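Structural data, given as structure tokens:
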């Protein structure tokens, strides 16, 4: 059984069809990428999975559980963590605090024990810190640990977002355009880190990405969408050479080119 | 400048990071505890008032400074705490249980106010709390059988271990003890998951949800805790003023409370105390000013709120980070002297981009 | 008969709320700043009119004209002095600032004109219009008519004038407006001038029917409730909200126990916020991620 299955998902805003009858499955352990031109509905898929949007119809099943009835804040506890396209960090908190907030779903202490800071809370804080430090080591963020987010370079912010999502200790990680705004070196690092996250931590990755090199390098399977509709599914090369995909990106020029 | 070599995670969790801090805060605590031997009764009473404001400040800072929910109606919780406490004392409930009941009732009211907070943010929420405060004020004014209406209500004496709250020294220690407890609880909360959840909601609700933080639950909690602390302050304030009337808890009071946390510095614990000292001693300052001014100016109606307003404007334009923020900048200047760059803290100007869709 | 008479009183009072609410909404729409001192601006407007007409004994028409001009200038000065330095600060900080401004203006008014209530003399002061059973004071009639004319003028201004359209553009996205060659900073100043002007009109219209003292600015809070009920950011909404609250208040005063008429505005506001938080005329708010 697939880790995540999306079945006939549809959503329209007013009269605009953002997504129509889209279905796909993400298998456990893979890196699954979604590509498509701007406005294809990629981020909408993420917002539907993280329950920020309510679908008009369709189902999302994660690890055998129906997700479409859960409120947005219950998704992390199910094991899904996400990042945002333009970063949504806690701006006035330090990098470390951002990561510790990522640990929130694993808390086990009551309000009153926290007010008194009982030994159980202290132990929990130390355990959280261990988790955060492991992620800091993995993503090489030690230099920024105590810095406040506001004013950090964009590349670092992107990495902090991934780090915060990792602190949730998810089984599925949703990355919304992780490479946007990164320079070529940073993008290269990102590809390696993705591999680490996927192979060492055993986290399944679902990402929306524009950089085809990164997609080809990192992903096991690729789904192409356009105008909220399914175009093609397969390996990066298969999808890239699919005629529908070429038409979606290049318009009719691809057609005339093919005929010529 | 001090550089700390940290070898254990515990050091980051500790409330006081190094011996220097331990020394200075210890000295401050000694001064606070020794105050009754150093200053006379009137100023001791004023210091009790500062402690009471600081308790309310803890509540309001938790809500506004750390959870990012603006309340223009906190005087209502102060009023609920004060009237409930007075009523319970009148009914024969001892001091501490009575304060607890006042806190609980106030917290319950806070949960009701949180209901709109689940559906609205920013200015809408501020106005909803304002409406709530006006309704509470009018309710108190017209529910004469319990509150005495505009005639007012005398606060009965109460005692703990045979010591009466009318005793200035005991009342001072009582207020300071509760203030320390409130501060400690707030500090502990802020270094645990709940406090971080509040901060998360303040900075990005979308992200907070993604991290598994239930907005409804934590906003309600923030309002309840904030209202409980403010209710406690209200109960103590009742003893301080001795006679309750609805107009002691009007819109101006709400705004003074908000002024306290803004002047102190939003989002800092130190700011609470700077703000409480400011709010507690400003009336004295204005009284001194009145004596110095020519009578024509000194007898202006609304002089006191006017000066409050002027100071608020000045503070927001000159130092939006509050008194504590200013202190941090001064300290940084001294630390880095003579290398300090004049534009280190220059504020960025930016254009407004609306989040309205039309 | 009673009901009709109450309705007339309610409409007149509602127009006052609506006028102040218009000032709120105007500034909010253009700059996303909430000017909590709008009620105090009305109070200052009324006092300035009193100064020109009663103290300096200018003819009514010229007195009103001078009041409008001075208030526009005051609006400009306030914007330059207090709001401009706050550009880029969080909206909450600016809200606090205008609250402080309200307190300050009240003290200033108290210092200049004193705390005793004053009455503005007008050519139509105490005349009444008898419409069958209903009695309408000319003062109240002036409020309703003045409000109507002002609303029409604002509508035309935003719909057809270049300046009005530029203001709307700037309210959507200031940066884009700057790039399109709209002088946003000057525009914001202009919005404050217009908004102070509206406050002055409200002051001039209210002064003859109710006494002027430094405390009358407090009805700004109720007008604010009206603006929210109408859907903050909507000019017709502000008027509708004002009328709704004005009328409801009159009826609550007669049919409900004492104390209720004072809180009617707030109860309507709370009910509205629960049932339809976006107000009667919604301007949608949602953050995109």
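Chains as they are written, first to last, in the numbering used here: chain A, 1 to 260; chain B, 1001 to 1358; chain C, 2001 to 2289. Using N, Cα and C, we set each Cβ at its ideal position, and we do this for glycine too. Keep in mind that this is a model prediction, so the values were computed, not measured.
Exercise for review: Using a Cβ cut-off of 7 Å, pull out every chain C residue sitting near residue 1138/B, in sequence order please.
Suggested key: 2259, 2262, 2263
Exercise for review: Use the C-beta contact count for residue 42/A: other C-beta atoms within 10 angstroms, 16 or more gives buried, fewer gives exposed.
Suggested key: buried
Check your understanding: Along the chain, where does the alpha helix (DSSP H) that runs through residue 40/A open and close?
Key -> That residue, residue 40/A, is in no alpha helix (DSSP H); it is neither H nor E in DSSP.
Check your understanding: Listed in chain order, which residues of the segment 2071–2095 of chain C have Cβ atoms closer than 7 Å to some Cβ of chain B?
Key -> 2082, 2085, 2086, 2087, 2088, 2089, 2091, 2092, 2093, 2095
Exercise for review: Would you mind working out which of 224/A, 247/A, 107/A sits nearest residue 131/A, comparing C-alpha positions?
Suggested key: 107/A
Check your understanding: Helix or strand or just coil, what does DSSP make of residue 2118/C?
Key -> strand
Check your understanding: Which chain B residues are close to residue 2034/C, counting only those with a beta carbon under 7 Å from its beta carbon?
Key -> 1123
Review point. Between the segment 2143–2151 of chain C and the segment 2009–2026 of chain C, do at least 3 Cβ pairs fall closer than 8 Å?
Key: yes
**Study point:** Residue nearest to residue 1224/B in terms of C-alpha spacing, selected from 1028/B, 1056/B, 1013/B
**Key:** 1056/B
Exercise for review: Compare the C-beta of residue 208/A with all C-beta atoms of chain B and state if any pair is closer than 8 Å.
Suggested key: no
Practice item. For residue 199/A, count neighbouring C-beta atoms within 10 Å of its own C-beta (all shown protein chains included) and say buried if the count is 16 or more, exposed if not. Key: exposed
Point to revise | Under 8 Å between C-beta atoms of residue 1103/B and residue 1182/B | key: no
Point to revise | Segment limits, beta strand (DSSP E) that includes residue 62/A | key: 57–62
Practice item. Could you check which residue in 121/A, 181/A, 38/A, 101/A has the C-alpha nearest to that of residue 262/A? Key: A query on residue 262/A cannot be resolved here, the shown segment of chain A reaching from 1 to 260 and no further.
**Study point:** In DSSP terms, what residue 142/A is bridged to
**Key:** The partner list for residue 142/A (beta bridge, DSSP) is empty, contrary to what the question assumes.
Review point. According to DSSP, is residue 1196/B helix, strand or coil?
Key: helix
Review point. Rounded to a whole number of angstroms, what is the C-alpha to C-alpha distance between residue 2254/C and residue 1141/B?
Key: 19 Å
Check your understanding: For chain B, is any of its Cβ atoms less than 8 Å away from the one on residue 2124/C?
Key -> no
Exercise for review: Would you list the one or two residues that DSSP bridges to residue 66/A?
Suggested key: 61/A
Point to revise | DSSP-derived helix/strand/coil call for residue 10/A | key: strand
Practice item. Can you tell me the Cβ-Cβ gap for residue 1272/B and residue 1061/B, rounded? I've got them flagged as a contact below 8 Å. Key: 5 Å
**Study point:** residue 1259/B burial status per 10 Å Cβ neighbour count (16 or more: buried)
**Key:** buried
Review point. Just checking my contact of residue 1155/B with residue 1243/B at CB under 8 Å: how many whole Å lie between their CB atoms?
Key: 7 Å
Point to revise | Within-8 Å CB hit, residue 2165/C to chain B | key: no
Review point. Got a sec: is the Cβ-Cβ distance from residue 1380/B to anything in chain A below 8 Å?
Key: Shown here, chain B extends from 1001 to 1358; a query on residue 1380/B therefore has no answer.
Practice item. Run the CB neighbour count on residue 192/A, radius 10 Å, all protein chains shown included, and call it buried at 16 or more, exposed below. Key: exposed
Point to revise | Extent of the continuous beta strand (DSSP E) run through residue 172/A | key: 172–176
**Study point:** Neighbour flag for residue 254/A against chain B, beta carbons, 8 Å
**Key:** Note on residue 254/A: pLDDT 47, under 50, position unreliable in the model; no value is reported.
Point to revise | The alpha helix (DSSP H) enclosing residue 240/A, as first and last residue numbers | key: 236–241
Exercise for review: Determine the chain B residues that contact residue 91/A at a beta-carbon separation under 9 Å, and present them in chain order.
Suggested key: 1203, 1204
Practice item. Figure out for me which residue from 206/A, 36/A, 64/A has the closest Cα to the Cα of residue 1/A. Key: 64/A
Practice item. Determine the burial state of residue 2160/C: buried for a count of at least 16 other Cβ atoms within 10 Å of its Cβ, exposed for fewer. Key: exposed
Check your understanding: Cα-Cα, which of 1120/B, 1064/B, 1033/B, 1068/B is closest to residue 2275/C?
Key -> 1120/B
Review point. Along the chain, where does the alpha helix (DSSP H) that runs through residue 1238/B open and close?
Key: 1215–1241
Review point. Under a CB-based cut-off of 8 Å, is residue 1196/B close to chain A?
Key: yes
Review point. With respect to the beta strand (DSSP E) encompassing residue 2137/C, which residues constitute its N-terminal and C-terminal limits?
Key: 2134–2137
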